Amino acid sequence: MTRCEADRGWAWMVVLGVTIINLSVLPIQQCYGLIFGKRFTSLGISATQTSLILHLNGTICCSLGLISGPMMKKFSFRKVAFFGIGQGINYPATSLALNTYFRKKRNIAMGLCVTLTGLGPILMPLLIVKLLDAYATTGTLLIFAGIAANSFVGVCLLRPFVNKDKITTEDYDVKNTTVSNENESDVEKYVVECQLLNNQEQIKKQENLEKFFKEAKTKKKRSFFQKISANLDLMLLQDLRYILVVIGMGISLVAETNFNALMPFVLEKVSGLEIKEIATIMSIQAAFDIAGRLCIPLLAQKAQWTPRYLYVISLIGSTFGRMILCIWGDDYLVVILVAVIVGVAKGTKAVFQALIIPDYVPLERLPAASGIQMVCNGILSISLGPIIGMVHDLTGSYIGSLHFTSAMSMFCVFLWLLGGLWSPLGNRVKVKKNGDTPNEKCSSENQNESPDIR
Numbered sequence: 039m040t041r042c043e044a045d046r047g048w049a050w051m052v053v054l055g056v057t058i059i060n061l062s063v064l065p066i067q068q069c070y071g072l073i074f075g076k077r078f079t080s081l082g083i084s085a086t087q088t089s090l091i092l093h094l095n096g097t098i099c100c101s102l103g104l105i106s107g108p109m110m111k112k113f114s115f116r117k118v119a120f121f122g123i124g125q126g127i128n129y130p131a132t133s134l135a136l137n138t139y140f141r142k143k144r145n146i147a148m149g150l151c152v153t154l155t156g157l158g159p160i161l162m163p164l165l166i167v168k169l170l171d172a173y174a175t176t177g178t179l180l181i182f183a184g185i186a187a188n189s190f191v192g193v194c195l196l197r198p199f200v201n202k203d204k205i206t207t208e209d210y211d212v213k214n215t216t217v218s219n220e221n222e223s224d225v226e227k228y229v230v231e232c233q234l235l236n237n238q239e240q241i242k243k244q245e246n247l248e249k250f251f252k253e254a255k256t257k258k259k260r261s262f263f264q265k266i267s268a269n270l271d272l273m274l275l276q277d278l279r280y281i282l283v284v285i286g287m288g289i290s291l292v293a294e295t296n297f298n299a300l301m302p303f304v305l306e307k308v309s310g311l312e313i314k315e316i317a318t319i320m321s322i323q324a325a326f327d328i329a330g331r332l333c334i335p336l337l338a339q340k341a342q343w344t345p346r347y348l349y350v351i352s353l354i355g356s357t358f359g360r361m362i363l364c365i366w367g368d369d370y371l372v373v374i375l376v377a378v379i380v381g382v383a384k385g386t387k388a389v390f391q392a393l394i395i396p397d398y399v400p401l402e403r404l405p406a407a408s409g410i411q412m413v414c415n416g417i418l419s420i421s422l423g424p425i426i427g428m429v430h431d432l433t434g435s436y437i438g439s440l441h442f443t444s445a446m447s448m449f450c451v452f453l454w455l456l457g458g459l460w461s462p463l464g465n466r467v468k469v470k471k472n473g474d475t476p477n478e479k480c481s482s483e484n485q486n487e488s489p490d491i492r
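For the sequence shown, our numbering begins at 39 and goes up steadily by one.
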């Protein structure tokens, strides 16, 4: 296998591969409301049912995160992404690939990846309008299924990472064969000498062998729950800060995902826009989404802002945009302003929500930490998501739903503030490793190392 280096070389091809995967599989989720809006209206589906369908999909997707951690301990992230079913398996694999190949330039790489991915929401709404007119909902979905098949091209670029100081497989095979041929006579001599060992040495070997088997039996007697805990790395749940990070991100993710998916419905009911105007607004939002993804990481790199700090700022920005939409949503220019604010906030959140967990836990515990986070997201999605739709049905307007969504996002802000997780000058704190030894040093030392992730 070819040698790899962090932050250079093939690492940028990995960014391209992850971008191709995201552009192929995410458009249906991003344009959910635009694709199914008229179809749901004709079927008489209520806002609660619409929200339930959306979050049921998210729950199933996130539930697969429970098995993604053990899978990536056994297989490479390329194999997991290639054979994985749905985004619930693909996302942890692509996230691990990026965080494995990048150390010092992680913010830049993630910003570039999500910026290129953001091209989809700019072009897709306009394309979807044309496809819906020509092929209706069913034909549009079939075309997007074909687009999703291009993700296999991106997966092929996710080459497993090998420390550049390690020898390659081919070199090992050649050297192993050479040494074997040169030392055949030594091996034969060694076998003869082994047969001449005295009885006392044989007895010692027998005792050591019995001791070894006894220890092996003791290890096998571990309970079923201990094995589950070891495979899933549930020791992470003993860290209160990690729990606060996961819960805060889960609640805010439910709120922001629901708002982004139901944006076409909100613009139609609150602002009275037609489908072409809605597509234009969504494209404007997506354009500033890309601007946020491209510019904010560069500013963060120079200002040394932490991912959690910028994630909180993005939540505050989204909340501010929803407040403006609730008060002056009937003015088209105001709606454009809201699209700009929400777009920048969404782009910022898209970059740094993917860096919060990698910034908190060591790389070797990242698959398990991401899996636990996805399971928590799934539980919160199916629990809290339909409530947003129920608020709409009870109040008869999307205004109440927008306020409830903003309250959920701000809950994350206050939760992290009380837990001491929100500080623009705070250093990163890492959880303990599997050996129960604290790892509280800054990651700059560890990031210079290149572990062999297979």
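Where a beta carbon is used, it is the ideal one built from N, C-alpha and C, also for glycine.
A quick note: this is a predicted structure, and the numbers were derived from the prediction, not measured.
Asked, Found
"For LYS360, is the classification buried or exposed, using 16 other Cβ atoms within 10 angstroms of its Cβ as the cut-off for buried?", "Sequence inspection shows Arg at residue 360; the Lys mentioned does not correspond to that position. ARG360 should be labelled buried."
"Measuring alpha carbon to alpha carbon, tell me which residue in ILE281, ILE322, VAL284, ILE285 is nearest MET301.", "ILE322"
"CA-CA distance, ILE426 and GLY158?", "27 Å"
"Less than 8 Å between the CB atoms is what I'm expecting for ASN145 and ALA338, so what's the real figure, rounded?", "6 Å"
"Would LYS307 and TYR436 be called neighbours here (beta carbons separated by less than 8 Å)?", "yes"
"What first and last residue would you give for the alpha helix (DSSP H) that runs through GLY122?", "Element bounds for GLY122: n/a, residue is neither H nor E."
"Enumerate in chain order the residues of its own chain whose CB-to-CB distance from ALA44 is below 7 Å, with the five nearest sequence positions on each side excluded.", "TYR139, PHE140, ARG141, SER488"
"Using only the alpha-carbon positions, how far apart do GLY409 and ASP369 sit?", "43 Å"
"Measure the C-alpha to C-alpha separation of THR155 and ASN60 and round it to an integer number of angstroms.", "6 Å"
"Determine the extent of the alpha helix (DSSP H) in which PHE358 is found, giving its start and end residues.", "345-366"
"Name the two residues that bound the continuous alpha helix (DSSP H) containing GLU294.", "278-307"
"Rounded to whole angstroms, what is the Cα-Cα separation between LYS470 and PHE120?", "Caution applies to LYS470, whose pLDDT of 45 falls short of 50 and renders its modelled position unreliable; the model cannot decide the point."
"Does DSSP put ASN411 in a helix, a strand or coil?", "The question names Asn, but residue 411 in the sequence shown is Gln. Reduced to three states, the DSSP call for GLN411 is helix."
"Classify THR97 as buried or exposed, calling it buried when 16 or more other Cβ atoms lie within 10 Å of its own Cβ.", "buried"
"Taking C-beta to C-beta, are LEU456 and ARG279 nearer than 8 Å?", "no"
"Might you give, ordered along the chain, the residues of its own chain that have their beta carbon closer than 7 Å to the beta carbon of LEU54, omitting 5 neighbours on each side?", "LEU195"
"Taking 6 Å as the limit between beta carbons, can you name the residues of its chain near MET428, skipping five residues before and five after?", "THR86"
"Take the Cβ of LYS112 as the centre, count every other Cβ of all protein chains shown within 10 Å, and call the residue buried at 16 or more, exposed below.", "exposed"
"Who are the Cβ neighbours of SER106 in its own chain at under 6 Å, not counting the five residues just before and after it?", "ILE127, PRO130, GLY409"
"Counting only the same chain and skipping the five closest in sequence on each side, list residues whose C-beta sits under 8 Å from that of LEU11.", "Any answer about residue 11 is impossible in this case: the structure gives the chain only from 39 up to 492."
"Within 10 Å of its beta-carbon, does LYS384 have 16 or more other beta-carbons around it, so buried, or fewer, so exposed?", "buried"
"Would the beta-carbon of LEU136 fall within 8 Å of that of CYS151?", "yes"
"Only counting the same chain, and skipping five residues up and downstream in sequence, which positions put a Cβ closer than 6 Å to that of SER89?", "GLY423, PRO424, ILE426, GLY427"
"What would DSSP say about GLU312, mapped onto helix, strand or coil?", "coil"
"Using the C-alpha atoms, what's the distance from MET110 back to LEU404?", "10 Å"
"How would you label ARG346, buried or exposed, when you count the other beta carbons within 10 angstroms and need 16 or more for buried?", "buried"
"DSSP on VAL399, reduced to helix/strand/coil?", "coil"
"Would you mind stating whether CYS100 and VAL284 have Cβ atoms separated by less than 8 Å?", "no"
"Measure the C-alpha to C-alpha separation of ILE417 and GLY177 and round it to an integer number of angstroms.", "32 Å"
"Could you name the residues of the same chain whose beta carbon sits closer than 7 Å to that of ILE420, not counting the 5 residues immediately before and after it, in chain order?", "HIS93, LEU94, THR97"
"How would you label LEU275, buried or exposed, when you count the other beta carbons within 10 angstroms and need 16 or more for buried?", "exposed"
"Please classify ALA183 as buried or exposed, where buried requires at least 16 neighbouring CB atoms within 10 angstroms.", "exposed"
"Quick check on DSSP: helix, strand or coil for ASN60?", "helix"
"One question on the structure: do CYS69 and ILE166 come within less than 8 Å of each other, judged by their Cβ atoms?", "yes"
"Where are the alpha helix (DSSP H) runs, 4 residues long or more, that stay fully inside the stretch 364-392, in chain order?", "370-390"
"So is ILE391 buried or exposed if we call it buried at 16+ other beta carbons inside 10 Å?", "Checking the displayed sequence, the identity of residue 391 turns out to be Gln instead of Ile. It counts as buried."
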